[in-house]
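**Q** Chains as they are written, first to last, in my numbering: chain A, 34 to 259; chain B, 341 to 545.
1) I need the boundaries of the alpha helix (DSSP H) containing residue 484(B), first residue and last residue.
2) Reducing DSSP to helix, strand and coil, say where residue 341(B) ends up.
3) Give the residues of chain A in contact with residue 542(B), contact being defined as C-beta atoms less than 7 Å apart.
4) Report, in whole angstroms, the separation of the C-beta atoms of residue 214(A) and residue 182(A), which I expect to be a contact under 8 Å.
5) Where does residue 249(A) land, buried or exposed, given buried means 16+ other C-beta within 10 angstroms?
6) Would you please state the rounded distance, in angstroms, between the beta carbons of residue 157(A) and residue 201(A)? I believe it to be under 8 Å.
7) Terminal residues of the continuous beta strand (DSSP E) containing residue 473(B)?
8) Compare the beta carbon distance of residue 155(A) and residue 207(A) with 8 Å and say whether it is the shorter of the two.
9) Along the segment 396-419 of chain B, what residues have a CB closer than 7 Å to any CB found in chain A?
10) So which residues on chain B does residue 305(A) lean against when the C-beta distance must stay under 7 Å?
11) Leaving out five residues before and five after residue 439(B) in sequence, what residues of the same chain have Cβ atoms less than 7 Å from its Cβ?
12) If distances are taken between C-alpha atoms only, which option among 191(A), 226(A), 193(A) comes closest to residue 507(B)?
13) Per DSSP, what kind of secondary structure is residue 515(B) in: helix, strand or coil?
14) Just how far apart, CA to CA, sit residue 187(A) and residue 83(A)?
15) To the nearest angstrom, how far is it from the Cα of residue 341(B) to the Cα of residue 489(B)?
16) At the level of alpha carbons, what is the spacing between residue 144(A) and residue 505(B)?
17) Going along the chain, which residues of its own chain have a beta-carbon closer than 6 Å to the beta-carbon of residue 552(B), five neighbours each way excluded?
18) Against chain B, which members of the segment 37-52 of chain A pass a CB distance test of less than 9 Å?
19) Here's the rule I'm using: 16 or more other beta-carbon atoms within 10 Å means buried, otherwise exposed. How should residue 44(A) be labelled?
20) Could you tell me the alpha carbon to alpha carbon distance between residue 120(A) and residue 180(A), rounded to whole angstroms?
21) Nearest to residue 97(A) by alpha carbon, out of 36(A), 195(A), 229(A)?
22) Where residue 122(A) and residue 483(B) are concerned, what is the direct C-alpha to C-alpha distance, given to the nearest angstrom?
23) Helix, strand or coil for residue 94(A) per DSSP?
24) Which one of 77(A), 103(A), 242(A) has the shortest CA to CA distance from residue 89(A)?
25) Tell me the rounded alpha-carbon separation between residue 462(B) and residue 254(A).
26) Measuring alpha carbon to alpha carbon, tell me which of 257(A), 211(A), 150(A) ends up nearest residue 68(A).
27) Spell out the partners DSSP gives residue 255(A) in its beta bridges.
28) State yes or no: is the beta carbon of residue 341(B) nearer than 8 Å to at least one beta carbon in chain A?
29) In the DSSP output, which residue or residues are listed as bridge partners for residue 205(A)?
30) I want to see whether chain A comes within less than 8 Å of residue 537(B), judged by CB atoms only; does it?
31) How many whole angstroms separate the CB atoms of residue 221(A) and residue 139(A), which I take to be in contact at a CB cut-off of 8 Å?
32) If contact means a Cβ-Cβ distance below 8 Å, which residues of the segment 127-139 of chain A contact chain B?
33) Could you tell me whether any Cβ in chain B is nearer than 8 Å to the Cβ of residue 208(A)?
34) Measuring alpha carbon to alpha carbon, tell me which of 74(A), 147(A), 193(A) ends up nearest residue 452(B).
35) Whole alpha helix (DSSP H) runs in the segment 126-153 of chain A with 4 or more residues, listed along the chain?
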């Protein structure tokens, strides 16, 4: 089973309301602040991107569905800070610091921001796992979705693409496996592919016979299909 | 490690209910603790408000429209090519550019969260992060496109890219007709953010 964030293909959402191209990047001042606090806290190095994604996904479904985008970021961050012992529940409840931190040397000062944003965090890693598929090969995704290491853990195979047959269209090299990395179980890098699925393989009523959906999927999510 | 908290005891419930105050509380505690530099937050916000945005992507697209060798290199190894232009960085570590043609229209989504090529397009617009877009773009991209005012020819395929890994996709829109004599700078004005997500088309001159 999956979690509340796994909403691809879901019915019931309304029309999309595009905003103008020249609208503010941050619609409220606190949106920018929320993004910046999240990036600055991330720079402390106590979690990786997979852990932080999983933190948001673990929000109770009722909260996830009712919160705005940056509210989810704040709620996810509060959970990460407590789980990583950066802050205590008491500090959150009081709204002020109690005692000192041994992480102050990691603080990202203003003069480091440009360098940190420009250097990024590549996700490709060397791997001993042999690349099993070539462009053009047909593969089938796992029939039963879910993290194989941790029950209810992080995974990046969306439910709508479970048990589907697709065609390898790109080989991206070997990348960190989120299912492992999100739970501090190591990078476990393995081959990552772009896999194209016919819309008719995924949906009961596809819009057009030529349409496809392409997903980036790790080798362990796939098996050979003939 | 993140784990499930019961609804009533998730750490976020300890913070003020007003979102602006909630952010302020986290910033205050982390600053008092010596873990955050408020000036660094200002710097991050200013960077994404004024320096890193869709003009970067438009620069890449306009160059691809005017320089066939550049376009070929871009489609082959986008990360290397955009890095040379100074557009490498966070959330753009593994770039792929997909080209719109008369046969196929590409559109990008992240159904599981909000993955987006920050160094080329900046912070994603609200609609891109909305439940409606995340839920519907993969299943009914043509209806979604219609909501952006885009109707595709009936023989054109749609390819939806769901950004499920750390690869980030930028759409290379088709160059509009009647732009033959235009230079890179003039072309850039025709290239919208939405056209590089695939939710729109480049504008006619």
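Ideal placement from N, C-alpha and C gives every residue a C-beta, glycine not left out.
In this text, all values refer to a predicted model and were calculated from it rather than measured experimentally.
**A** Reading from the atomic positions:
1) In the second chain, residue 484(B) corresponds to position 144, counting from 1. For residue 484(B), the enclosing alpha helix (DSSP H) covers residues 481-487.
2) Numbered from 1 along the second chain, position 1 holds the residue referred to as residue 341(B). At residue 341(B) the pLDDT is 44, less than 50, meaning the model places this residue with poor confidence and gives no usable figure here.
3) By one-based count along the second chain, residue 542(B) stands at place 202. Close to residue 542(B), with beta-carbon spacing below 7 Å, lies no residue of chain A; the smallest spacing is near 12 Å.
4) Taking the first residue of the first chain as 1, we reach residue 214(A) at position 181. Taking the first residue of the first chain as 1, we reach residue 182(A) at position 149. In fact, because the Cβ distance is near 10 Å, the residues do not count as touching under 8 Å.
5) As a working note, residue 249(A) is residue 216 in the first chain. Residue 249(A) is buried by the Cβ-count criterion.
6) The residue you call residue 157(A) lines up with position 124 of the first chain. The residue you call residue 201(A) lines up with position 168 of the first chain. Distance from residue 157(A) to residue 201(A) at the Cβ level is roughly 18 Å; contact not present, criterion being Cβ atoms closer than 8 Å.
7) To locate residue 473(B), count along the second chain from 1; it is residue 133. Taken as a continuous stretch (DSSP letters only), residue 473(B) belongs to no beta strand (DSSP E), being part of the alpha helix (DSSP H) at 471-476.
8) Here the question's residue 155(A) lines up with position 122 in the first chain. Here the question's residue 207(A) lines up with position 174 in the first chain. No, they are not a contact pair.
9) Those would be none; no residue qualifies.
10) Within the shown structure, residues of chain A are numbered from 34 to 259, placing residue 305(A) beyond reach of any answer.
11) Translated into positions along the second chain, residue 439(B) becomes position 99. These residues qualify, in order along the chain: 415, 512.
12) Within the second chain, numbered from 1, the residue matching residue 507(B) stands at position 167. The candidate whose alpha carbon is nearest that of residue 507(B) is 226(A).
13) As a first step, residue 515(B) must be located in the second chain, where it is residue number 175. Correct three-state label for residue 515(B): coil.
14) The residue you call residue 187(A) lines up with position 154 of the first chain. The residue you call residue 83(A) lines up with position 50 of the first chain. One Cα belongs to residue 187(A), the other to residue 83(A), and the distance between them is close to 8 Å.
15) As a first step, residue 341(B) is located in the second chain; it is residue number 1 there, counting from the start. As a first step, residue 489(B) is located in the second chain; it is residue number 149 there, counting from the start. Its pLDDT being 44, under 50, residue 341(B) is placed unreliably in this model, and the coordinates cannot settle the point.
16) Counted from its first residue, the first chain places residue 144(A) at position 111. Counted from its first residue, the second chain places residue 505(B) at position 165. C-alpha separation (whole angstroms): 30 Å.
17) Since the first residue of chain B shown is 341 and the last is 545, residue 552(B) is not available in this structure.
18) Closer than 9 Å at the C-beta level to chain B, one finds these residues of the segment 37-52 of chain A: 38, 39, 40, 41, 42, 43, 44, 45, 46, 47, 48, 49, 50, 51, 52.
19) For the purposes of this step, residue 44(A) is taken as residue 11 along the first chain, with counting starting at 1. That one is exposed.
20) Counted from its first residue, the first chain places residue 120(A) at position 87. Counted from its first residue, the first chain places residue 180(A) at position 147. Distance between the alpha carbons of residue 120(A) and residue 180(A): 28 Å.
21) The residue given as residue 97(A) occupies position 64 in the first chain. The option with the nearest alpha carbon to residue 97(A) is 36(A).
22) Looking up residue 122(A) in the first chain gives position 89. Looking up residue 483(B) in the second chain gives position 143. Rounded to whole angstroms, the gap between the alpha carbons of residue 122(A) and residue 483(B) is 45 Å.
23) Sequence index remark: in the first chain, residue 94(A) carries index 61 (1-based). It is helical.
24) Locating residue 89(A) in the first chain gives position 56, where the first residue counts as 1. It is 103(A).
25) Residue numbering aside, residue 462(B) sits at position 122 when the second chain is read from its first letter. Residue numbering aside, residue 254(A) sits at position 221 when the first chain is read from its first letter. Here the C-alpha atom of residue 462(B) lies approximately 31 Å from the C-alpha atom of residue 254(A).
26) Within the first chain, residue 68(A) is the residue found at index 35, counting from 1. For residue 68(A), the nearest C-alpha among the options comes from 150(A).
27) For this step, residue 255(A) is matched to residue 222 along the first chain. Residue 255(A) is bridged to 174(A).
28) For the purposes of this step, residue 341(B) is taken as the residue at position 1 of the second chain. Low per-residue confidence applies at residue 341(B): pLDDT is 44, beneath 50, and the placement is therefore not dependable, though the value from the model is reported in the following sentence. Yes, because at least one Cβ of chain A sits closer than 8 Å to the Cβ of residue 341(B).
29) For the purposes of this step, residue 205(A) is identified with residue 172 of the first chain, where counting begins at 1. Answer is none; residue 205(A) lacks a bridge partner.
30) As a working mapping, residue 537(B) is identified with position 197 in the second chain. Proximity of residue 537(B) to chain A, defined by a Cβ-Cβ separation below 8 Å, is not satisfied.
31) If you number the first chain from 1, residue 221(A) lands on position 188. If you number the first chain from 1, residue 139(A) lands on position 106. Not confirmed; about 25 Å, so no contact.
32) If the cut-off is 8 Å between Cβ atoms, the segment 127-139 of chain A has 128, 129, 130, 133, 134, 136, 137, 139 near chain B.
33) Here residue 208(A) refers to the residue found at position 175 when the first chain is read from its first residue. Residue-level contact by beta carbon holds for residue 208(A) and chain B, with a gap shorter than 8 Å.
34) In the second chain, the residue the question calls residue 452(B) occupies position 112. Among 74(A), 147(A), 193(A), the Cα nearest to that of residue 452(B) belongs to 193(A).
35) Listed in chain order, the alpha helix (DSSP H) runs fully inside the segment 126-153 of chain A are 143-152, counting runs of at least 4 residues.
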